[in-house]
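Numbering (this note's numbering), first residue to last: 129 to 433.
C-beta atoms are modelled at their ideal positions from N, C-alpha and C, and glycine is treated no differently.
The block underneath contains the structure these notes are about, expressed in C-alpha cells.
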Ligand SMILES: [Zn+2]
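In C-alpha cells form, the structure reads like this:
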C-alpha cells in the first residue's frame with residue numbers, strides 16, 4: 129500500500145506542466161502564442177514570451193521555440209491539429225533563453241535550427257540556464273541546450289512551399305548584439321523578436337538604447353500590417369510605438385541630465401519616469417535601464433547618427 133502511494137506521488141510529480149496554449153491566427157496561416165507580460169516564474173512555467181508558427185504547403189516554420197521542451201511539445205500538438213505537416217525550420221530571434229529552449233524538441237522532430245551568430249557564440253550544450261534555475265526540474269524536464277544548424281549572419285531569404293521568409297539583422301546592437309527579424313512580404317507580417325515589447329518594460333542589459341531606437345524606426349519602415357513583438361499583446365502596425373515612446377523619453381531626460389553634469393549615482397533618482405510606474409516589470413527593470421542608458425549616452429556623440 130505504502131509503495132502504491134509513493135508510486136502515485138512520483139507519477140504526479142512527473143506530470144508535465146500544462147501550459148494551456150491556444151494559438152491566435154494573426155494572418156492567413158500565421159499563428160502565435162502570447163505569454164504573460166511578466167517575469168519568469170514557476171506559476172507561469174516560463175510562458176512569458178511570444179512564439180509563432182507559419183504554415184506553408186511543405187511544412188511549418190517556427191519563430192522562437194519558447195521556454196522549455198514541454199512548452200514546445202504542447203505547441204507542436206496544437207500545430208498538428210491545424211495540419212499534419214512536419215516542422216521544417218525553427219528560427220531563433222536572439223540568444224535569450226526564453227526564446228529558444230524549445231529547440232531540442234524540434235531538433236528531435238528533424239527540424240533545421242537557424243539563428244543569429246550570438247547564439248552560436250553564447251549557447252553551449254550542457255550550460256545551465258536562467259530558465260532552469262527559475263523553473264526547477266519538473267517544469268524544465270527534457271529541456272536540452274542544442275546548437276544551431278545554420279547561422280544567419282546579416283540576411284537570409286528562406287522559401288518554403290512558396291512562402292518567403294526574409295530573415296535580417298537590422299542593426300549591430302539593439303536588444304542584444306544579434307537580433308533577427310523575420311518578415312513575410314507576401315503577408316506583410318513582421319516578427320520582431322525582442323526589438324518590440326508591449327504591456328511591460330524591456331531590458332537594456334545586453335542592448336543599446338540608440339540601437340533599439342534605430343531598429344524600431346527600421347521596423348516601422350517595413351510598413352507591415354502585423355508586427356509581433358517578443359513580449360506583449362499588441363500586434364498592429366503601431367505595435368512599436370509604446371516602447372519607442374519609453375526609449376525616446378528616457379534618452380531625452382538622460383541627455384538633459386548629462387548636460388547638467390548629473391552623476392551616475394544620481395541618475396536613477398532623476399530619471400524616474402513616473403508615468404511608467406504601473407507598467408509591468410517597472411520595479412525590476414527601469415532603474416537598471418536608466419543606468420545602462422546613461423553609461424551608453426555618456427559616450428554618445430549625436431553626430432554619429
Ligand atoms: Zn525575451
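- Not one heavy atom of ligand 1 lies closer than 7 Å to the C-beta of residue 198.
- Distances from the CB of residue 358 to the heavy atoms of ligand 1 include at least one below 7 Å.
- In the three-state reduction of the DSSP assignment, residue 351 falls in the coil class, being assigned neither a helical nor a strand state.
- For residue 224, the shortest separation between its Cβ and any heavy atom of ligand 1 lies below 7 Å.
- Excluding the 5 residues flanking it on each side, residue 416 has same chain C-beta neighbours closer than 8 Å at 331, 332, 333, in chain order.
- Unbroken beta strand (DSSP E) stretches of 3 residues or longer found wholly inside the stretch 329 to 397: 354 to 359, given in chain order.
- Looking at the backbone, the Cα of residue 159 and that of residue 152 are separated by about 5 Å.
- Per DSSP, residue 297 lies in no alpha helix (DSSP H); the unbroken beta strand (DSSP E) holding it starts and ends at 291 to 297.
- Set against 7 Å, the gap from the CB of residue 177 to the closest heavy atom of ligand 1 is smaller.
- For the set 269, 185, 245, the Cα lying nearest the Cα of residue 199 is the one of 269.
- Between the C-alpha atoms of residue 235 and residue 273 there is a straight-line separation of about 11 Å.
- Following the DSSP letters along the chain, one finds residue 161 inside the beta strand (DSSP E) bounded by residues 158 to 161.
- Judged by DSSP in its simplified three-state form, residue 235 adopts helix.
- The C-alpha of residue 402 is placed about 22 Å away from the C-alpha of residue 387.
- A heavy atom of ligand 1 is found nearer than 7 Å to the CB of residue 322.
- The residue among 265, 323, 399, 311 with its C-alpha nearest the C-alpha of residue 419 is 399.
- CA-CA distance, residue 379 to residue 354, rounds to 27 Å.
- Excluding residues up to 5 positions away in sequence, 163, 164, 166 lie with their Cβ nearer than 8 Å to the Cβ of residue 172 in the same chain.
- The beta carbon of residue 248 is closer than 8 Å to those of 275, 276, 279 in its chain, skipping five residues each way along the sequence.
- Ranking 343, 226, 206, 186 by CA distance to the CA of residue 192 puts 226 first.
- Bounds of any beta strand (DSSP E) do not take in residue 420; it lies within the alpha helix (DSSP H) bounded by 410 to 426.
- From the listed residues 405, 414, 404, the smallest Cα separation to residue 395 is found for 414.
- For residue 161 against residue 204, the beta-carbon gap comes to about 12 Å, at or over 8 Å, which does not count as contact.
- Distance between residue 222 and residue 347, taken at the CA atoms: about 16 Å.
- Closest in C-alpha terms to residue 377, from the list 404, 262, 155, comes 404.
- Rounded to whole angstroms, residue 366 and residue 208 show a C-alpha spacing of 32 Å.
- According to DSSP, residue pairing for residue 153 in a beta bridge involves 159.
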